[in-house]
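Visitor:
4 protein chains.
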Amino acid sequence: MKIKTIGVLTSGGDAPGMNAAIRAVTRAGISNGFKIKGIFRGYDGLINNEIKDFTTENVSGIINRGGTILRTARSSEFETPEGRKKAYENMRSNNIDALVVIGGNGSLTGAKIFAEEYDVCCIGLPGTIDNDLYGTDSTIGYDTTLNTIVECVDRIRDTAVSHERIFFVEVMGRDAGFLAQNSAIASGAEAAIIPEDSTDVDQLARFMERGIRKSKRSCIVIVSESPKCGALYYADRVHKEFPDYNVRVSILGHLQRGGSPSAHDRILASRTGVGAIEAIMQGQRNLMVGVRNNEIVYVPFLDAIRSDKPFDKKLITVLDELSI
Amino acid sequence: MKIKTIGVLTSGGDAPGMNAAIRAVTRAGISNGFKIKGIFRGYDGLINNEIKDFTTENVSGIINRGGTILRTARSSEFETPEGRKKAYENMRSNNIDALVVIGGNGSLTGAKIFAEEYDVCCIGLPGTIDNDLYGTDSTIGYDTTLNTIVECVDRIRDTAVSHERIFFVEVMGRDAGFLAQNSAIASGAEAAIIPEDSTDVDQLARFMERGIRKSKRSCIVIVSESPKCGALYYADRVHKEFPDYNVRVSILGHLQRGGSPSAHDRILASRTGVGAIEAIMQGQRNLMVGVRNNEIVYVPFLDAIRSDKPFDKKLITVLDELSI
Amino acid sequence: MKIKTIGVLTSGGDAPGMNAAIRAVTRAGISNGFKIKGIFRGYDGLINNEIKDFTTENVSGIINRGGTILRTARSSEFETPEGRKKAYENMRSNNIDALVVIGGNGSLTGAKIFAEEYDVCCIGLPGTIDNDLYGTDSTIGYDTTLNTIVECVDRIRDTAVSHERIFFVEVMGRDAGFLAQNSAIASGAEAAIIPEDSTDVDQLARFMERGIRKSKRSCIVIVSESPKCGALYYADRVHKEFPDYNVRVSILGHLQRGGSPSAHDRILASRTGVGAIEAIMQGQRNLMVGVRNNEIVYVPFLDAIRSDKPFDKKLITVLDELSI
Amino acid sequence: MKIKTIGVLTSGGDAPGMNAAIRAVTRAGISNGFKIKGIFRGYDGLINNEIKDFTTENVSGIINRGGTILRTARSSEFETPEGRKKAYENMRSNNIDALVVIGGNGSLTGAKIFAEEYDVCCIGLPGTIDNDLYGTDSTIGYDTTLNTIVECVDRIRDTAVSHERIFFVEVMGRDAGFLAQNSAIASGAEAAIIPEDSTDVDQLARFMERGIRKSKRSCIVIVSESPKCGALYYADRVHKEFPDYNVRVSILGHLQRGGSPSAHDRILASRTGVGAIEAIMQGQRNLMVGVRNNEIVYVPFLDAIRSDKPFDKKLITVLDELSI
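Protein chains in written order, with the UniProt record's numbering: chain A, 1 to 324; chain B, 1 to 324; chain C, 1 to 324; chain D, 1 to 324.
#1: Give me the Cα-Cα distance between I185(B) and R92(A), rounded to the nearest whole angstrom.
#2: Identify each residue in the region 110-134 of chain B for which the Cβ-Cβ distance to at least one residue of chain A is less than 9 Å, and report them in chain order.
#3: Is DSSP giving A111(C) helix, strand or coil here?
#4: If you pair each beta-carbon of the region 24-33 of chain D with each one of the region 72-82 of chain D, do three or more pairs fall below 8 Å?
#5: So which of I156(C), V100(C), T136(C) and D303(C) has the shortest CA-CA distance to H254(D)?
#6: Judging by CA-CA distance, which residue of K85(B), N105(B) and T136(B) is the nearest neighbour of E116(B)?
#7: Listed from N- to C-terminal order along the chain, which residues in the region 48-77 of chain B have their beta-carbon within a distance smaller than 8 Å of any beta-carbon of chain C?
#8: Taking beta-carbon pairs under 9 Å, can you tell me which members of the region 234-257 of chain B lie near chain A?
#9: Can you name, in chain order, every residue of its own chain whose Cβ lies under 8 Å from the Cβ of N94(B), other than the five neighbours on each side?
#10: Nearest CA to the CA of A205(A): which residue from Y234(A), P195(A), S31(A) and P81(A)?
#11: Going by the CB atoms, is the gap between I222(C) and A192(C) shorter than 8 Å?
#12: Return helix, strand or coil for F167(B), following the three-state DSSP convention.
#13: With 8 Å set as the bound, which would you pick, yes or no: does the beta-carbon of D158(D) sit closer than that to a beta-carbon of chain C?
#14: Report the neighbours of E164(D) on chain C: residues whose CB is nearer than 7 Å to its CB, in chain order.
#15: May I ask you to list, following chain order, the residues of the region 258-285 of chain A that have a beta carbon less than 7 Å from some beta carbon of chain B?
#16: Just checking: is the beta-carbon of R23(A) within a distance shorter than 8 Å of some beta-carbon in chain B?
#17: For a contact defined as C-beta to C-beta under 8 Å, what are the partners of residue 328(A) on chain D?
#18: Quick check: what's the CA-CA separation for K112(C) versus G104(B)?
#19: Let's test the definition: count the other Cβ atoms within 10 Å of the Cβ of D130(A) and tell me whether it reaches 16, buried, or not, exposed.
#20: Check each residue of the region 163-183 of chain B: if its Cβ is closer than 8 Å to any Cβ of chain C, include it; give the result in chain order.
#21: Classify K85(D) as helix, strand or coil using the three-state DSSP reduction.
#22: Would T80(C) be called buried (16 or more neighbouring beta carbons within 10 Å of its own) or exposed?
#23: Please name the residues in the region 26-48 of chain A whose beta-carbon is closer than 9 Å to at least one beta-carbon of chain B, in chain order.
#24: Taking Cβ positions only, does V8(D) come closer than 8 Å to chain C?
#25: According to DSSP, is D53(A) helix, strand or coil?
#26: Applying the 10 Å Cβ sphere with the 16-neighbour rule, what's the burial state of P261(C)?
#27: Is it right to say G283(D) is buried, meaning 16 or more other beta carbons lie within 10 angstroms of its own, or is it exposed?
#28: With C-beta atoms as the reference, is E241(A) less than 8 Å away from C219(A)?
#29: Measure the alpha-carbon distance for F114(C) versus R266(C) and round it to whole angstroms.
#30: Which residue wins for smallest C-alpha separation from D202(A), given the options T109(A), R237(A) and R174(A)?
#31: Does V150(B) get closer than 8 Å to chain A when you measure Cβ to Cβ?
#32: In chain order, which beta strand (DSSP E) runs of at least 3 residues are fully inside the region 260-318 of chain C?
#33: Give the straight-line distance between the Cα atoms of E57(D) and S323(A), rounded to the nearest whole angstrom.
#34: Put P126(C) into one of helix, strand or coil per three-state DSSP.
#35: Please state whether DSSP places S76(A) in a helix, a strand or coil.
#36: According to DSSP, simplified to helix, strand and coil, what is L70(C)?
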């Protein structure tokens with residue numbers, strides 16, 4: 001089957017650069033003779049037929065904007081066979097021959113299942129702030145969020161130093177410590193507490209032995225969000241053990257998702273968006289487009305969503321040596 | 001008594017622009033023949049004799065930095081007669097003839113009591129993000145914090161729109177709604193909940209009647225922090241009444257205090273710092289230096305710390321009319 | 001005549017906050033029962049009938065964006081009686097009863113002439129980065145541009161210090177030194193060269209006597225743009241007199257106009273936009289809406305466009321004392 | 001010879017992240033038992049004996065600051081055998097056993113010659129905004145400068161769109177188009193004119209055929225700085241051929257070098273700084289530390305300074321397809 005029309009959607013948590021990716025898919029598609037349709041609200045929009053023809057105008061002036069003009073959602077209906085059936089029927093009735101899905105782990109898992117079930121062409125772009133997709137050096141949104149966190153911690157440092165306080169700053173990344181570890185290095189924080197390390201070591205104890213007592217001056221610890229052991233938990237522990245310490249907590253929360261994307265994320269989104277159209281033209285399907293070592297790579301869905309994206313343990317040494 | 005040496009300190013919550021103020025007092029003082037001494041950690045440093053000679057070099061390269069190189073603290077000891085006695089003795093033993101205090105309401109109240117008790121020359125600069133000092137159009141730090149909040153809400157708006165959620169965003173200003181009301185106007189928020197209005201009106205109910213139901217699309221409500229009725233309280237109420245609404249909370253917290261000061265705050269700090277030295281040269285004392293209508297003004301401490309800085313109720317109309 | 005429909009346009013050089021002003025006029029107008037029409041490309045759009053009905057949707061999501069969605073232009077045709085006649089006829093044929101003009105000195109002068117010639121209701125909003133309109137504490141765009149300049153000079157300072165160079169940085173403000181003088185104070189520059197001072201004093205000579213020779217370290221001089229005596233002229237003079245100095249020039253240029261408006265400018269635009277609608281409802285006409293001393297004021301066009309907006313000479317002292 | 005003391009210097013054009021690199025070398029060095037000496041003003045400081053003992057305190061609070069606390073310079077004396085002899089003698093008299101040089105192509109070439117001539121251990125860190133060093137995915141400063149340019153072009157876009165103008169924006173990168181090509185992609189510019197392409201193609205002509213005539217709307221062309229063919233040259237050509245086009249030029253200049261480094265550059269500087277100390281501990285020498293594919297790599301000087309860092313021609317296609 002010759003592909004003539006491509007649908008594009010964003011799914012899961014929004015990430016800065018998703019708009020740049022939508023723009024790239026749309027314009028590279030049109031540049032190469034395809035028709036483009038925008039699908040609103042993720043897989044739900046495919047199920048509910050919220051689909052609109054896209055021209056180059058629809059994506060004009062959005063490369064520098066956070067969020068996603070296509071809106072996004074986590075679809076529970078698409079997890080059911082009935083939901084995917086409706087989605088497929090709407091694809092057919094809208095003459096959509098291929099789907100470009102911009103999203104994270106869960107969204108690409110959905111694309112994989114859908115592609116296998118109905119034998120359709122699905123291409124994924126790595127759109128998530130968590131950087132937890134395998135096979136690409138970074139994901140669209142990760143660099144911007146890292147910069148946002150570092151900018152916030154720079155601000156918190158001003159007040160931490162002025163008042164000589166200990167701050168526990170909680171950042172996103174429930175299952176992946178990339179944001180926490182790297183923002184700790186970049187902001188000159190004294191420690192990071194991350195999921196990769198937490199099963200077998202008491203990271204707070206190790207840090208406190210290493211020197212929280214050395215001085216009463218300011219100190220910043222970055223903590224990956226966690227259902228049980230977030231920043232509040234650790235602040236409480238320190239407070240109990242050292243009642244005279246001046247401990248504060250800051251939970252950065254949703255502001256980490258927004259904002260104008262960084263140059264890096266705009267370029268990554270532009271290159272992978274063009275790469276998605278090239279993949280379709282080459283007859284490829286059911287894979288994620290990434291960038292490794294400055295080159296476009298195609299990663300089969302199965303590999304991309306592997307849960308074991310390697311975390312470089314040397315980054316822990318880097319932080320330890322630099323926070324003396 | 002001819003004043004030869006001036007001590008400068010920062011006190012209370014840190015505010016962006018305090019460093020610009022320290023620089024201005026130091027350099028304008030030296031430009032006019034005074035000796036300057038930096039006092040560390042607020043009034044506590046005066047009590048504990050943490051005092052250091054300052055040259056123009058000490059304040060070089062700090063105009064653009066958040067926080068305060070003099071550190072700051074809230075001193076409970078200075079609230080006691082014994083504490084103030086020690087402070088006075090250290091002033092004398094360090095040959096400090098006049099004191100410039102950069103701080104908010106509580107810090108200037110302390111300066112007023114001290115000045116009266118020991119008949120010393122105290123000049124205040126309005127250094128607080130809360131904008132709650134009377135007699136000056138704005139306070140050092142307020143404009144920067146307003147910009148920081150608006151930048152954060154711009155980011156939250158990206159994710160609120162993408163996911164079509166209702167956000168309650170909590171900002172600083174326990175006793176003054178300047179930050180909440182003005183950041184709501186500036187960020188295009190749908191409503192603000194502020195202390196000035198909260199005693200007699202149920203602001204959330206009024207807002208919800210006005211239209212939260214009109215659409216299911218995104219919506220942002222800015223809430224002044226409050227011991228009882230913060231963003232969590234209001235989010236909970238909405239969630240109970242409309243269980244299908246997608247409600248989220250973001251508490252901006254300490255990052256509101258930090259960051260490089262805005263142009264406005266650096267200029268305000270520079271002008272009032274020069275104004276403080278001029279006041280001393282004119283033999284004035286025990287007043288706060290402010291800017292009204294683009295002119296330097298001297299405001300007696302008693303007036304500056306009045307608790308009734310007027311809140312312009314028309315700003316509520318502005319927000320109401322623009323959030324349709 | 002009862003006013004039912006209001007046209008809004010932006011004219012002259014674009015300024016950050018113009019979109020916030022368009023939004024405020026549109027929404028406050030609709031909130032109060034008016035019909036709003038957007039006029040594109042300034043007075044040219046009125047002459048060429050580029051006019052479109054505006055709803056609240058048209059101004060959604062623009063409060064934080066630089067530039068103007070209505071586009072802008074300097075119209076030479078509107079300076080002719082024929083041009084204004086066409087403009088008036090289009091106003092009538094579009095049933096536009098009143099005009100809100102967002103622009104600077106030239107644009108409000110045009111509004112004044114037009115209002116007098118055809119006896120129509122014109123309200124001006126002070127939209128210009130130059131801050132050269134009389135009767136308002138600041139103009140929409142001025143605060144943002146000041147922050148942009150200061151941010152740029154902070155960056156230039158990094159490289160000036162690292163290489164120990166003398167920089168001449170040229171900023172906008174051909175006829176008004178507000179931007180140059182205040183950005184010099186805010187960025188901790190060593191000197192400013194401004195039009196207000198330039199007729200009778202050789203500002204560079206005065207500065208160089210004051211101390212450019214004192215040290216070989218870095219130094220930044222802010223220069224108001226000028227057809228004859230811009231940054232290049234002064235750099236050349238210094239270079240000739242001190243050939244071993246390491247002199248560089250940076251002309252900030254058009255990037256000073258763009259960017260997301262500051263909180264201050266968004267609030268000013270929102271308040272004056274609401275104020276414009278209130279003025280129309282009160283039957284007022286042919287005046288500019290400004291803010292003085294935190295209060296809305298109405299300034300007759302004749303006063304607003306006076307060329308003598310006072311420049312506070314004390315700011316020169318502030319800079320001199322702080323750049324030691 | 002066992003290495004006990006390490007000297008660190010910055011050389012050539014300053015780049016954001018150099019301070020983070022100085023901090024990393026200093027702290028990782030001290031963490032591993034070395035003594036660290038800071039050398040001021042690049043190789044000139046080694047020749048003139050401007051050397052100071054560094055503790056962890058010396059590099060406290062600098063990770064987020066642009067420029068270099070060690071100052072920098074291009075040394076013509078170090079290019080002479082006499083200069084290098086003095087440098088070597090000062091190394092010996094200060095007991096400096098190894099040198100870490102943070103700089104670009106010219107600085108690492110100097111290090112290579114010096115290392116060979118005197119058989120000393122020299123380690124290079126890639127500190128340059130130009131990204132023109134071979135063997136590392138990016139150089140310290142490149143990402144920050146890219147973001148700065150993109151932010152500036154975003155601003156210029158606001159005014160370009162509002163006035164419907166054609167802008168030629170000149171950016172740094174005399175010999176390498178990385179900054180121009182990638183900032184064009186990231187800012188959504190319509191074209192880039194780069195040195196890699198300029199010998200055999202008239203890039204402006206190609207661009208103008210492609211569509212500058214299609215519409216009279218706004219348009220942005222990014223131009224790599226060039227002695228002959230900068231932005232002014234191209235603007236002039238367009239102006240001559242299409243006299244009714246509204247053409248403007250913006251030369252970004254030195255502000256591209258400054259500013260707080262991005263998260264990416266701080267992490268790159270931190271990791272390579274730690275890597276430099278590790279290299280010394282492993283007995284390695286005369287190589288540059290880089291990061292490829294997220295891993296630390298050691299690149300012999302000869303390879304790093306090769307002039308043929310590959311430019312990915314596919315980026316030209318990306319820009320072409322997305323600027324329709």
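Even glycine gets a Cβ: it sits at the ideal position worked out from N, Cα and C.
Guide: So, from the listed chains and residues:
#1: Reading the second sequence from its first residue, position 185 is the one you call residue 185(B). Reading the first sequence from its first residue, position 92 is the one you call residue 92(A). Computed Cα separation, rounded: 46 Å.
#2: none
#3: Within the third sequence, numbered from 1, the residue matching residue 111(C) stands at position 111. Reduced to three states, the DSSP call for A111(C) is helix.
#4: no
#5: Against the fourth sequence, residue 254(D) aligns to sequence position 254. It is I156(C) whose Cα lies nearest to the Cα of H254(D).
#6: Position 116 of the second sequence holds residue 116(B). Comparing Cα-Cα distances from E116(B) to each of K85(B), N105(B) and T136(B), the minimum goes to K85(B).
#7: T56, G61, I63 and N64
#8: R248, V249, S250, I251, L252, G253, H254, L255, Q256 and R257
#9: Within the second sequence, the letter at position 94 stands for residue 94(B). Cβ within range, chain order: T5, G7, K37, N49 and I51.
#10: Locating residue 205(A) in the first sequence gives position 205, where the first residue counts as 1. Comparing Cα positions, the closest option is Y234(A).
#11: For the purposes of this step, residue 192(C) is identified with residue 192 of the third sequence, where counting begins at 1. For the purposes of this step, residue 222(C) is identified with residue 222 of the third sequence, where counting begins at 1. Contact flag set, yes.
#12: One-based indexing of the second sequence puts residue 167(B) at position 167. Looking at F167(B) - three-state DSSP - the assignment turns out to be strand.
#13: Here residue 158(D) is taken as the residue at index 158 of the fourth sequence, counted from 1. D158(D) counts as touching chain C.
#14: Indexing the fourth sequence from 1 puts residue 164(D) at position 164. Neighbours of E164(D) on chain C, chain order: R71.
#15: G258 and G259
#16: As a working note, residue 23(A) is residue 23 in the first sequence. No, R23(A) does not count as interfacial toward chain B.
#17: For residue 328(A) there is no data in the structure shown, the boundaries of chain A being 1 and 324.
#18: Here the question's residue 112(C) lines up with position 112 in the third sequence. Here the question's residue 104(B) lines up with position 104 in the second sequence. Cα-Cα distance, rounded: 45 Å.
#19: Within the first sequence, numbered from 1, the residue matching residue 130(A) stands at position 130. Buried is the call here.
#20: N182 and S183
#21: Within the fourth sequence, the letter at position 85 stands for residue 85(D). Looking at K85(D) - three-state DSSP - the assignment turns out to be helix.
#22: For this step, residue 80(C) is matched to residue 80 along the third sequence. Answer is exposed; the Cβ neighbour count stays below 16.
#23: R41
#24: For this step, residue 8(D) is matched to residue 8 along the fourth sequence. V8(D) does not count as touching chain C.
#25: Numbered from its first residue, the first sequence carries residue 53(A) at position 53. Strand.
#26: Stepping through the third sequence from its first residue, residue 261(C) is reached at position 261. So P261(C) ends up on the buried side.
#27: Taking the first residue of the fourth sequence as position 1, residue 283(D) is located at position 283. When all chains shown are included, G283(D) counts as exposed.
#28: As a first step, residue 241(A) is located in the first sequence; it is residue number 241 there, counting from the start. As a first step, residue 219(A) is located in the first sequence; it is residue number 219 there, counting from the start. No, Cβ-Cβ distance for E241(A) and C219(A) is not below 8 Å.
#29: Here residue 114(C) corresponds to residue number 114 of the third sequence, with the count starting at 1. Here residue 266(C) corresponds to residue number 266 of the third sequence, with the count starting at 1. Going from the Cα of F114(C) to the Cα of R266(C) covers about 28 Å.
#30: Walking along the first sequence from the start, residue 202(A) turns up at place 202. Closest by alpha carbon: R237(A).
#31: By 1-based counting over the second sequence, the position of residue 150(B) is 150. Chain A, which has no Cβ nearer than 8 Å to the Cβ of V150(B), makes this no.
#32: 287-292 and 295-300
#33: Position 57 of the fourth sequence, counted from the start, is the residue given in the question as residue 57(D). Position 323 of the first sequence, counted from the start, is the residue given in the question as residue 323(A). E57(D) and S323(A): Cα-Cα distance of roughly 11 Å.
#34: What you label residue 126(C) is simply residue 126 of the third sequence in a count that begins at 1. Note: P126(C) maps to strand in three-state DSSP.
#35: As a working note, residue 76(A) is residue 76 in the first sequence. Three-state result, S76(A): coil.
#36: In the third sequence, residue 70(C) corresponds to position 70, counting from 1. Correct three-state label for L70(C): coil.
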